[in-house]
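Q:
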Amino acid sequence: MSENTTPLPDFTRWPSFPFEGDMRVKKLAPPVEVEPPRSGEDASDCVACSTSDDAYIWVSERWRVRAMDRPTGLPMVLILECRSHLDLGDLPNLLAAELGVMTVRLERAIRSLDGVARVHVNRWGDGSAHLHMWFLARPYGRLQLRGTFLSLWDDILPVVPESQWRENLALVAAWLADFGGKANAEPAHIEWESPATLNVPVPTDADAVDERPVTLGDVETGGSPTGSSGIHNANNGY
Numbered sequence: 001m002s003e004n005t006t007p008l009p010d011f012t013r014w015p016s017f018p019f020e021g022d023m024r025v026k027k028l029a030p031p032v033e034v035e036p037p038r039s040g041e042d043a044s045d046c047v048a049c050s051t052s053d054d055a056y057i058w059v060s061e062r063w064r065v066r067a068m069d070r071p072t073g074l075p076m077v078l079i080l081e082c083r084s085h086l087d088l089g090d091l092p093n094l095l096a097a098e099l100g101v102m103t104v105r106l107e108r109a110i111r112s113l114d115g116v117a118r119v120h121v122n123r124w125g126d127g128s129a130h131l132h133m134w135f136l137a138r139p140y141g142r143l144q145l146r147g148t149f150l151s152l153w154d155d156i157l158p159v160v161p162e163s164q165w166r167e168n169l170a171l172v173a174a175w176l177a178d179f180g181g182k183a184n185a186e187p188a189h190i191e192w193e194s195p196a197t198l199n200v201p202v203p204t205d206a207d208a209v210d211e212r213p214v215t216l217g218d219v220e221t222g223g224s225p226t227g228s229s230g231i232h233n234a235n236n237g238y
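Under full-length UniProt numbering, the first residue of the sequence shown is numbered 1, with each subsequent residue one higher.
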């Protein structure tokens, strides 16, 4: 048993809280007298400033949108950044006004994707000094993911299939490009394979048995029972 008797907060009993079992509150570290600098406080050391447009799914004169380097548990996780090396409270009026427009536009683009119910918009800013806004898509029907802990669930849920993820990136980028800027994301390319020869069997009387036609699902799963889709859904739920 832990000596820490601090009672657990009520949210640990919420359905949306991702953990269960015995837990205890961490000991609170003493405050520091001077906080360390965040990553990229100086523009010369800023990763965002030194990253080329090719790493972003959409770019414009003053704004850029990037994704993670690989799919995660949520349908979509994107980051909106301004090109200028500024934090939120440092934005001039023009960029501040555009931030509102870009936030609404990107939220709508993500929410238009199949299987997305809501889009959570977050700004923490404790890690990197360059302004970056997080956009996290909550899967439709996953009511347990509502609210505060969506970003935690992103690391817990099964990873979204990469082909679906890339297609969604391309859709969001194209949506934004309709209003200006340049879309860099493209859907995954289909690898077509065709046989050198095509052998078509000739049916005989012995083959004339009243059976259900073979479907693509049967081929992929080695013969699923009737009524089973045979499709593995890797996205059961950043």
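Every residue, glycine too, gets a C-beta built ideally from N, C-alpha and C.
Among Met68, Ser128 and Val104, which residue has its Cα nearest to the Cα of proline 36?
A: Ser128
Q: Quick check on asparagine 184: buried or exposed, where buried means 16 or more other Cβ atoms within 10 Å of its Cβ?
A: Its Cβ being crowded by 16 or more others within 10 Å, asparagine 184 is buried.
Q: Count the other CB atoms, across all protein chains shown, that sit within 10 Å of the CB of leucine 113; report buried if there are 16 or more and exposed otherwise.
A: buried
Q: Since arginine 118 is in the beta strand (DSSP E), which residue starts that stretch and which ends it?
A: 116-122
Q: Assuming leucine 78 and phenylalanine 135 make a contact with CB atoms under 8 Å, what is their CB distance in whole Å?
A: 5 Å
Q: Where do the ends of the beta strand (DSSP E) carrying arginine 83 lie?
A: Counting along the chain, arginine 83 falls outside any beta strand (DSSP E), and DSSP gives it neither H nor E.
Q: To the nearest angstrom, how far is it from the Cα of aspartate 210 to the Cα of glutamate 162?
A: Interpretation of aspartate 210 is limited by its pLDDT of 45, a score under 50 that renders its predicted location unreliable; no figure is taken from the coordinates.
Q: If you follow the beta strand (DSSP E) that tryptophan 14 is part of, which residue opens it and which one closes it?
A: From DSSP, tryptophan 14 is part of no beta strand (DSSP E); its letter is neither H nor E.
Q: Out of His130, Glu98 and Thr148, which one is the CA nearest neighbour of valine 121?
A: Thr148
Q: In whole angstroms, give me the CA-to-CA distance for glycine 100 and aspartate 90.
A: 15 Å
Q: Determine whether the beta carbon atoms of alanine 67 and leucine 176 lie at a separation below 7 Å.
A: no
Q: Output needed for tryptophan 63: all residues of its chain with C-beta closer than 8 Å, excluding positions within five of it in sequence on either side, in chain order.
A: Leu80, Glu81, Cys82, Arg83, Glu98, Met102 and Gly181
Q: With distance defined between alpha-carbon atoms, name the residue in Pro71, Gly73 and Val172 nearest to valine 104.
A: Minimum Cα distance to valine 104 is reached at Val172.
Q: Which class does leucine 74 belong to by DSSP, given the choice of helix, strand or coil?
A: DSSP, read as helix, strand or coil, puts leucine 74 in coil.
Q: Taking C-alpha atoms, which residue in Val160, Ala170, Pro92 and Ser151 lies nearest to serine 16?
A: Ser151
Q: Taking the continuous beta strand (DSSP E) assigned at histidine 133, which residues delimit it?
A: Reading the sequence as shown, one finds methionine at residue 133 and not histidine. It spans 132-139 - the beta strand (DSSP E) in which methionine 133 sits, taken as one unbroken run.
Q: Is serine 44 helix, strand or coil when you go by DSSP?
A: Three-state DSSP puts serine 44 in a helix.
Q: Kindly indicate which residue of Met23, Val32, Val25 and Leu74 has the alpha-carbon position closest to the one of aspartate 155.
A: Leu74
Q: DSSP puts serine 128 in a beta bridge; with which residues?
A: Ser39
Q: Let me check understanding here. Comparing Cα to Cα, which of Ala188, Lys26, Pro7 and Ala174 lies closest to leucine 106?
A: The shortest C-alpha separation from leucine 106 is found at Ala174.
Q: Do you know how far the Cα of glycine 141 is from the Cα of aspartate 42?
A: 43 Å
Q: Along the chain, where does the alpha helix (DSSP H) that runs through valine 104 open and close?
A: 93-111
Q: Answer with buried or exposed for alanine 29, where buried requires no fewer than 16 other C-beta atoms within 10 angstroms of its C-beta.
A: So alanine 29 counts as exposed.
Q: Give every residue of the same chain whose Cβ lies closer than 8 Å to the Cβ of alanine 208, excluding the five residues on either side of it in the sequence, and list them in chain order.
A: Low per-residue confidence applies at alanine 208: pLDDT is 47, beneath 50, and the placement is therefore not dependable enough to give any value.
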